[in-house]
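Read in order, the letters of the sequence shown are residues 43 to 207 in our numbering.
Beta carbons: idealized from backbone N, C-alpha and C, even for Gly.
Source: prediction; values computed, not measured.
Scroll down for the structure; my scribbles are underneath it.
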Amino acid sequence: MINSLVNGIQKLFGNKADKDVKGLEPFVGKINSEFIKLENLSNDELRSKTISFKKQVNDYLSDIDQKIADLKSEIDNSSAHEIDLREDAYEKIDSLEKDRDEKLEDILNQILPEAFAVVKETARRFTENDKITAKATDYDRYLAATKPHININNDEVIYDTTWEA
């Protein structure tokens, strides 16, 4: 009895999983079109996409981050006796941080299809290849010191795509 009632309600209103999938549907076509563009990139070019995403986010938020930094500096340079001035600055910072969160969500939604496509292409490469090679970065060198499946050969990093956990 209760199961049929629940099933009836789900058919009428849908369930959370169906709503989540429906919310993601607009991104699927965009992700797939971005994914196709990535196939011919070298491993180094694919890696550089992450740096590009970070730069896009930082550039998009730079104005508001500067305003917040200026207010924090103003607070640091004010005397303890200027309580009203400091309180106003803290309130402005709180407001700016809320605005920053909204801007961050905006830029992340803008780059989401391409970023997801980069992850999808990276996963494809790790699935289809025994080894992945790229130009070694400082972080690769750091990882290679502790991970046996990552090796450095001159200026090249070699990732074994399988390893024992």
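Top-ranked residue by Cα proximity to residue i, from the options
i, options, result
"residue 30", "136, 141, 180, 203", "Given that the chain is displayed from residue 43 to residue 207, the structure contains no residue 30 and the question cannot be resolved."
"residue 82", "191, 160, 64", "160"
"residue 162", "88, 123, 100", "88"
"residue 95", "60, 155, 188", "155"
"residue 206", "192, 196, 197", "192"
"residue 198", "188, 124, 174, 76", "174"
"residue 132", "116, 141, 121, 142", "116"
Spatial neighbours of residue i in its chain, beta-carbon cut-off 7 Å, leaving aside the 5 residues before and after
i, result
"residue 102", "145, 149"
"residue 157", "95"
"residue 134", "113"
Backbone secondary structure at residue i - three-state DSSP
i, result
"residue 171", "coil"
Status (buried if at least 16 other CB within 10 Å, exposed otherwise) for residue i
i, result
"residue 182", "buried"
"residue 63", "exposed"
"residue 221", "With the chain represented from 43 up to 207, any question about residue 221 goes unanswered, as that position is not in the structure."
Contact with chain B by residue i, beta-carbon distance below 8 Å
i, result
"residue 99", "This model lacks chain B altogether, as it is built from one protein chain only."
Same chain, Cβ closer than 8 Å to residue i, five either side skipped, listed in chain order
i, result
"residue 106", "138, 141, 142, 145"
- prompt: For the stretch 149-197, which segments carrying the alpha helix (DSSP H) assignment without a break, of at least 4 residues, lie completely within its bounds, in sequence order?
  reply: As far as the stretch 149-197 is concerned, its whole alpha helix (DSSP H) runs of at least 4 residues are 180-186.
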